[in-house]
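Each residue of the sequence shown is one higher than the one before, counting from 1 in the working numbering.
Think of the CB as a built atom: it goes at the ideal place given N, C-alpha and C, for glycine as much as any other residue.
Since we're looking at a predicted model, the values are computed, not measured.
Report on the structure given below.
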Amino acid sequence: MREITNTPEIVCFGEILWDIFPDGKRIGGAPFNVAYNLSKMGVDSHMISRIGNDALGKELLEVTKDRKMNPAGLQIDDVNATGTVIATFDEHNDAIYDIVNDVAWDHIALTENDLHFVKEAKAFVFGSLATRNKVAKDTLFSLMENAKFNVFDINLRPPFIDQKIIKDILHHTHLAKFNKAELRMVLEFIDKEYTTEAESIKYVQDYFELNEIIVSKGSKGAIYYKDDEHYQFPAVPITINDTVGSGDSFLAGFLTKRINEKNPFETMEHATALGAFITSSKGACPEYTLEEFESFKKKHPTDYSSVITNMKKLHNEYSK
Numbered sequence: 001m002r003e004i005t006n007t008p009e010i011v012c013f014g015e016i017l018w019d020i021f022p023d024g025k026r027i028g029g030a031p032f033n034v035a036y037n038l039s040k041m042g043v044d045s046h047m048i049s050r051i052g053n054d055a056l057g058k059e060l061l062e063v064t065k066d067r068k069m070n071p072a073g074l075q076i077d078d079v080n081a082t083g084t085v086i087a088t089f090d091e092h093n094d095a096i097y098d099i100v101n102d103v104a105w106d107h108i109a110l111t112e113n114d115l116h117f118v119k120e121a122k123a124f125v126f127g128s129l130a131t132r133n134k135v136a137k138d139t140l141f142s143l144m145e146n147a148k149f150n151v152f153d154i155n156l157r158p159p160f161i162d163q164k165i166i167k168d169i170l171h172h173t174h175l176a177k178f179n180k181a182e183l184r185m186v187l188e189f190i191d192k193e194y195t196t197e198a199e200s201i202k203y204v205q206d207y208f209e210l211n212e213i214i215v216s217k218g219s220k221g222a223i224y225y226k227d228d229e230h231y232q233f234p235a236v237p238i239t240i241n242d243t244v245g246s247g248d249s250f251l252a253g254f255l256t257k258r259i260n261e262k263n264p265f266e267t268m269e270h271a272t273a274l275g276a277f278i279t280s281s282k283g284a285c286p287e288y289t290l291e292e293f294e295s296f297k298k299k300h301p302t303d304y305s306s307v308i309t310n311m312k313k314l315h316n317e318y319s320k
């Protein structure tokens, strides 16, 4: 691993792996998907993970280099294998994922280099899957305690769910991203019944002293809660090619604007556009240029009349 001389704007932590499908394999892992799309947006990002000293690991290194990403944060493990997710399909053609346990990224070590970058970065991004092993979990908590702005993309994946760890992380979080199912699950963790989305979010904000929350809603778009304000944006109408990594690209688009303190309207517009752009492509990390994305964005402008109507409706609900 070689050192990086410049300090990255955003550091991502956690799993980097191969998603192995019946027809081939694709590079993946939620935090890596975020880091990749951040780099495509021109954000200097740094990925902290660990790969095996094996054929899959060497191939993964080559792919990251080909995608113009600096692999300096990828630790090499001589004992544990490169991470894989085995995907199969049932009789209804629904995918079933086996996230292979005790692999290289479960053993991410704490390094002085990574600690320095996390301290200086504008944001530190991670999920919950990297806490399933004590080694990576301890590294994550050490980095969280030194970060300026912790971004928790929850990604709850049974059976790797520990209520206590999730709650501990949320107490250290500045911005959390849920889907609706994950929001309900977190409410169960703190013995709160789901009533309305606005009331539930307000309760979570108060309980964890958490000012910023994103709730992703798939085809219904996404909503951003910041303090007492709410910004609901519709999904961009597209032909869906592949939904893998759409939430990760949304988060990358969001953070691209958020770290530069752009207004919430511009931030959410950028996030929903990038999420849609990736969903209209194949895979979570397709090859594309910033110019191609900007062209897509111009062809799919936001319906701001819908945004304003939703904001008024939500304000009335949240204020009850």
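- In the structure shown, the three-state DSSP call for alanine 81 is coil.
- DSSP places phenylalanine 149 outside any alpha helix (DSSP H), giving it a letter other than H or E.
- A distance below 7 Å separates the beta carbons of serine 45 and proline 8.
- For the pair alanine 72 and serine 49, the Cα-to-Cα distance works out to about 10 Å.
- Between the beta-carbon of alanine 176 and that of phenylalanine 141 there is about 16 Å, and that puts the pair past the 8 Å contact cut.
- A distance below 7 Å separates the beta carbons of histidine 174 and asparagine 150.
- Counting only runs of 4 or more residues that sit fully inside the segment 34-102, the alpha helix (DSSP H) segments are 55-66, in chain order.
- In terms of CA proximity to tyrosine 97, Arg157 leads the group Leu115, Arg157 and Ala130.
- From the listed residues Gly127, Ala284, Val307 and Ala276, the smallest Cα separation to lysine 299 is found for Ala276.
- In the pairwise beta carbon analysis, the segment 263-279 is classified as touching the segment 236-248: at least three pairs are separated by under 8 Å.
- If you draw a 10 Å sphere on the C-beta of valine 79, you find fewer than 16 other C-beta atoms in it, and that means exposed.
- About 29 Å separates the beta carbon of phenylalanine 124 from that of alanine 87, a gap too long to meet the 8 Å contact definition.
- Less than 7 Å divides the Cβ of leucine 17 from the Cβ of threonine 84.
- When the beta-carbon positions are compared, glycine 245 and arginine 26 stay at least 7 Å from each other.
- At the C-beta level, threonine 82 and aspartate 54 come within 7 Å of one another.
- Within the segment 117-169, the alpha helix (DSSP H) runs of at least 4 residues that lie entirely inside it are, in chain order, 134-144.
- Beta-bridge pairing by DSSP links asparagine 179 to Ser216.
- The three-state secondary structure of isoleucine 20, taken from DSSP, is strand.
- Lysine 25 is bridged by DSSP to Ile20.
- Fewer than three Cβ pairs drawn from the segment 289-296 and the segment 219-232 lie within less than 8 Å of each other, which leaves the two stretches out of contact.
- Across the structure, leucine 110 and lysine 119 are spaced so that their CA atoms are roughly 13 Å apart.
- Alanine 222 sits in a strand when the DSSP states are folded into three classes.
- Cβ contact annotation for glycine 253 (same chain, cutoff 6 Å, sequence separation greater than five): His270, Ala271 and Leu274, in chain order.
- Contact between phenylalanine 126 and proline 31 holds, since their C-beta atoms are separated by about 6 Å, short of 8 Å.
- DSSP places tyrosine 203 in the uninterrupted alpha helix (DSSP H) bounded by 197-208.
- Non-local C-beta neighbours of lysine 180 in its own chain, meaning closer than 7 Å and more than five positions away in sequence, comprise Val215 and Lys217, ordered along the chain.
- The three-state reading of DSSP puts tyrosine 194 in coil, since its state is none of H, G, I, E or B.
- Sequence-distant partners of histidine 172 (beyond 5 residues in either direction) whose C-beta falls short of 6 Å from its own C-beta, in its chain, are Met144 and Asn150.
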